[in-house]
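S.K.: Let me begin by handing over the structure; questions about it come next.
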Amino acid sequence: MITIYLKQSYNLLKENRFVNGISIAGTALSVAAVMLIYLVYQVNFSAYAPESNRYRILFVSSLQACGSDGHPINNGGMSHKVVRECLYPLQTPEAVTAFTSGDLPVNVHGQQFYDKYAIKFTDDGFWKVFDFTFLAGGPFTHTDWESGIRKAVISDKLARRLFGTVEAVGQTLRMNYADYRICGVVKEVSRAAESSYGDVWIPYTANASLLKDNISYCEGTTGEFQACILSRSRSDFEAIRREMLKLQSTFNASLTGTKLNYMHSPFTQWQAVLGTNGFSEGTVGEWLKSTGAVILFLLLLPALNIIGITLTQFRKRRSEIGVRKAFGACSFSLVEQVVIENLLTSCMGGLIGLLLSFGLLSLCKSLFFSGDVSLTHDMLIQPLTFVAAFFFTLILNLLSAAIPAWRASRMPITEALHDME
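Read left to right, the sequence shown gives residues 1 to 421 (UniProt numbering).
Written out as structure tokens, the structure is:
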């Protein structure tokens, strides 16, 4: 039966090319607009290398230092002291990494000019939390990190720019008036992978200023560090939070006039999608009011136009509906036929819309992302991308076809047959 409906839909498509062309174009534009929003979220929040474990990660982006009276004194990053005493001792997670970032001048010996690049100061746990693709060499080790040895991992893009090849292991680069020996070269990371992004990754222990805690201010609890905690399973999130609170309580007991508060950290990737950032908490309701409302508008606007087109086509088929109802066809079977017939047109528009959204995102990425974000196939083409595109197409199909079909199926038989005269 479905095959018959699809054949009839194909014949109707050939008969009314202009009207169906408008319908396909409307569907394509609607799906493209909605998928554009979806793709921006997917790039920012879905899992892809080197952040393939995003859904097993808890993010600690900030803390609040309060006085003995409970009033907040400072909101910001963590000090090395907090990282060392509150995060590294965690036993439940698979790995913990702390890091901070900055732009510093980088060049090589004999080069008079330099450019600033994104530097990630981190630890050896960083390479356990994130899955980088090493093209040459490997990461710095735990011993390197503990010793504060000046080793560096660089991106293949920077390696080619400085040395003309990715085979740069053993070479020396100069950064902030200090020499670092390159121990590894990794595949370039997109800026969209914010936690792992960088051009150069070095042990933060090689920078003495990051290890100095300002004891005179908030008892050395504030600093520049953020952290990512990789759980063995998402079911461990609550256990990790409980262990963090236990370590926090012990740490606070060692302070005299300051109390540490993580505010809304640690938070998951899903919470980040809803707008949680450590300083404030996002909710499903707030997300629906903002982004959800936009998606609904983008779906409804073209759907209303397509409904008008569908109703026009139905006026030409009222006699057919009357005959079928006279021979006992129920309203449900009539609606089913129309929805399936319209699905072919909707799927054509949905496919065009999906391809159009890829093109629009590539052309207009500067409007949606800060900095020069590179977009890869892993970021854009994922199974959920096609599921989402089909879902939005199906919703649009139901809105534009099921509603007028139901109205037409409720028409009295005599009124429908009157059109045959």
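Don't be surprised by glycine CBs; every beta carbon is placed ideally from N, CA and C.
Note that the structure is a prediction, hence the values are computed from the model and not measured.
Which term fits C218, buried or exposed, when burial requires 16 or more other beta carbons within 10 angstroms of its beta carbon?
M.R.: By the neighbour-count rule (16 or more Cβ atoms within 10 Å), C218 is buried.
S.K.: Starting from residue 437 and walking both ways along the alpha helix (DSSP H), at which residues does that stretch end?
M.R.: Outside the modelled stretch of the chain, which goes from 1 to 421, sits residue 437, for which no answer is possible.
S.K.: Can you look up D103 in the DSSP assignment and give me helix, strand or coil?
M.R.: Note: D103 maps to strand in three-state DSSP.
S.K.: Roughly how far, in whole angstroms, is the beta-carbon of E281 from the beta-carbon of H264, given that I think they are within contact range, below 8 Å?
M.R.: Between H264 and E281 the Cβ distance is about 5 Å, and since that is below 8 Å, they are a contact.
S.K.: So, helix, strand or coil for Q171, using DSSP?
M.R.: Here Q171 sits in coil by DSSP.
S.K.: Tell me the DSSP secondary structure of M35 in three-state form.
M.R.: Looking at M35 - three-state DSSP - the assignment turns out to be helix.
S.K.: Secondary structure at W406, three-state DSSP: helix, strand or coil?
M.R.: Residue state, collapsed to three classes: helix.
S.K.: I'd like the list of long-range same chain contacts for Q382, defined as Cβ closer than 8 Å, with 5 residues on each side in sequence excluded.
M.R.: Same-chain partners within the cutoff: Q42, S46 and Y48.
S.K.: Hey, F369 and A192: beta-carbon distance below 8 Å or not?
M.R.: Yes; because the gap between Cβ atoms is below 8 Å, this pair is in contact.
S.K.: Exposed or buried, P89, counting other C-beta atoms within 10 Å across all chains shown (16 or more means buried)?
M.R.: Counting Cβ neighbours within 10 Å, P89 comes out exposed, since fewer than 16 surround it.
S.K.: Classify D115: buried if its beta carbon has 16 or more other beta carbons within 10 angstroms, exposed otherwise.
M.R.: Exposed is the call here.
S.K.: In the DSSP assignment, find the unbroken beta strand (DSSP E) run with M78 in it and report its ends.
M.R.: That run of the beta strand (DSSP E) goes P72 to M78.
S.K.: Do P203 and I154 have their beta-carbon atoms positioned less than 8 Å apart in this structure?
M.R.: For I154 and P203, no; Cβs fall outside 8 Å.
S.K.: Leaving out five residues before and five after V96 in sequence, what residues of the same chain have Cβ atoms less than 7 Å from its Cβ?
M.R.: L87, Y88, L90, G125, A227 and I229, listed in sequence order.
S.K.: Under 8 Å by Cβ, that's how I've got E194 and D156 pegged, so tell me the actual separation to the nearest angstrom.
M.R.: That pair is no contact at about 20 Å.
S.K.: Between S331, K151, V185 and W145, which lies nearest to G164 when the distance is taken from Cα to Cα?
M.R.: Closest option to G164, Cα to Cα, is V185.
S.K.: Alpha carbon to alpha carbon, how far is A293 from E85?
M.R.: Taking the straight line joining both Cα atoms gives about 44 Å.
S.K.: Return the residue from the list I352, L344 and Q64 that minimises the CA-CA distance to N76.
M.R.: Contrary to the premise, residue 76 reads as Gly rather than Asn in this sequence. Nearest C-alpha to G76: Q64.
S.K.: Return the residue from the list D131, L36, I22 and V60 that minimises the CA-CA distance to M244.
M.R.: The shortest C-alpha separation from M244 is found at V60.
S.K.: Going by beta-carbon coordinates alone, are I240 and P404 separated by less than 8 Å?
M.R.: The answer is no: Cβ separation not under 8 Å.
S.K.: Between which two residues does the alpha helix (DSSP H) harbouring L210 extend?
M.R.: L210 -> alpha helix (DSSP H) spans A208 to L211.
S.K.: Measure the beta-carbon distance from L104 to N176 and round it to whole angstroms, keeping in mind my assumption that it falls under 8 Å.
M.R.: Indeed, because the Cβ distance is near 5 Å, the residues count as touching under 8 Å.
S.K.: Go ahead and label S366 buried or exposed: buried means 16 or more other beta carbons lie within 10 angstroms of its beta carbon, across all protein chains shown.
M.R.: That one is exposed.
S.K.: Out of curiosity, what's the CA-to-CA distance linking A326 and M411?
M.R.: Their Cα atoms are separated by approximately 12 Å.
S.K.: Please give the ranges of any alpha helix (DSSP H) in the region 236 to 291, keeping only runs that are unbroken, at least 4 residues long and fully inside the region.
M.R.: Entirely contained in the region 236 to 291, the alpha helix (DSSP H) runs reaching 4 residues are, in chain order, 237 to 253, 269 to 273 and 284 to 287.
S.K.: Could you give the distance in angstroms between the alpha-carbon of Q248 and the alpha-carbon of Q271?
M.R.: Answer to the nearest angstrom: the Cα atoms are 22 Å apart.
S.K.: Going straight from the alpha carbon of A159 to that of T283, what length do you get?
M.R.: Distance between the alpha carbons of A159 and T283 is about 42 Å.
S.K.: Determine the burial state of L296: buried for a count of at least 16 other Cβ atoms within 10 Å of its Cβ, exposed for fewer.
M.R.: Counting Cβ neighbours within 10 Å, L296 comes out exposed, since fewer than 16 surround it.
S.K.: To which residues does DSSP link T97 through a beta bridge?
M.R.: In DSSP, T97 forms a bridge with C228.
S.K.: How many Å lie between W406 and I340 at the Cα?
M.R.: About 13 Å.
S.K.: Roughly how many angstroms separate the alpha carbons of H109 and T276, rounded to a whole number?
M.R.: Those two C-alpha atoms are separated by around 44 Å.
S.K.: Of all the options I37, I24 and A28, which has the alpha carbon lying nearest to the alpha carbon of L361?
M.R.: Comparing Cα positions, the closest option is I37.
S.K.: Grab the span of the alpha helix (DSSP H) containing R161 for me, first residue to last.
M.R.: D156 to F163 is the span of the alpha helix (DSSP H), which, as asked, contains R161.
S.K.: Could you round the C-beta distance between S331 and S190 to whole angstroms and report it? I think they count as a contact, below 8 Å.
M.R.: Their Cβ separation, rounded to whole angstroms, is 51 Å, which puts S331 and S190 out of contact at 8 Å.
S.K.: Would you check if the distance between the CB atom of residue 427 and the CB atom of G353 is smaller than 8 Å?
M.R.: This structure gives no information on residue 427, because the portion of the chain shown stretches from 1 to 421.
S.K.: Is the distance from the Cβ of G137 to the Cβ of V106 below 8 Å?
M.R.: No, the Cβ-Cβ distance between G137 and V106 is not below 8 Å.
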